[in-house]
Structures are given as C-alpha cells and as structure tokens.
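Take 24 as the starting number for the sequence shown in this note's numbering and just add one per residue.
Glycine included, every Cβ here is placed at the ideal spot set by N, Cα and C.
The structure presented is a predicted model; accordingly, all values stated were derived computationally and were not measured.
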Amino acid sequence: MQTLAHFGVEATVIGQISGPRVTRYELQLAPGTKVAKVAALKDDLSYALATTEIRILAPIPGK
Numbered sequence: 024m025q026t027l028a029h030f031g032v033e034a035t036v037i038g039q040i041s042g043p044r045v046t047r048y049e050l051q052l053a054p055g056t057k058v059a060k061v062a063a064l065k066d067d068l069s070y071a072l073a074t075t076e077i078r079i080l081a082p083i084p085g086k
C-alpha cells in the first residue's frame with residue numbers, strides 16, 4: 024500500500040490469495056480514483072516492487 028500511496032493512489036486491501044508462485048491482492052480504490060490511473064502505473068509499480076512483472080486485472084466482473 025505504501026508503493027501505491029507513493030504514486031498518489033489511495034486503496035485498501037480487501038482480499039489476498041497466496042499460491043505457490045503468485046500472490047493476488049484485491050484492492051478497493053478510494054472513491055474518485057480511476058482504474059486507468061493504476062493501470063498506467065504498471066511499469067512504475069513493477070520497478071518499485073522489484074519484480075519483473077505484475078498483472079493488473081480490472082475491473083473484475085461481479086466484484
């Protein structure tokens with residue numbers, strides 16, 4: 024959450040699923056925060072989190 028906050032994105036973790044290779048986090052964005060803003064930060068977030076790739080799935084139907 025600190026990394027998102029560093030980029031000016033307010034969000035709350037509402038779920039986490041850990042698998043053998045991947046951990047998925049479900050986030051609820053603050054009112055007025057556009058999903059496109061988070062998606063546009065994909066490369067910056069990947070760099071800040073020291074990982075080679077992140078996937079942003081948004082919006083998730085039914086959630």
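Identify the residues that DSSP records as bridge partners of residue i: which are they?
{"i": "residue 36", "result": "50"}
{"i": "residue 41", "result": "46"}
May I have the straight-line CA-CA distance separating residue i from residue j, to the nearest angstrom?
{"i": "residue 54", "j": "residue 43", "result": "33 Å"}
{"i": "residue 41", "j": "residue 47", "result": "6 Å"}
{"i": "residue 77", "j": "residue 67", "result": "10 Å"}
{"i": "residue 73", "j": "residue 52", "result": "23 Å"}
{"i": "residue 100", "j": "residue 24", "result": "The structure shown has nothing for residue 100, since the chain only spans 24 to 86."}
Please check the pair residue i and residue j, which I expect to be a contact at CB under 8 Å, by giving their CB distance rounded to whole angstroms.
{"i": "residue 61", "j": "residue 82", "result": "Rounded, the Cβ-Cβ distance is 11 Å, inconsistent with contact."}
{"i": "residue 63", "j": "residue 50", "result": "About 15 Å separates the two Cβ atoms, so there is no contact after all."}
The alpha helix (DSSP H) that contains residue i, what's its start and end?
{"i": "residue 68", "result": "65-71"}
{"i": "residue 56", "result": "That residue, residue 56, is in no alpha helix (DSSP H); it is neither H nor E in DSSP."}
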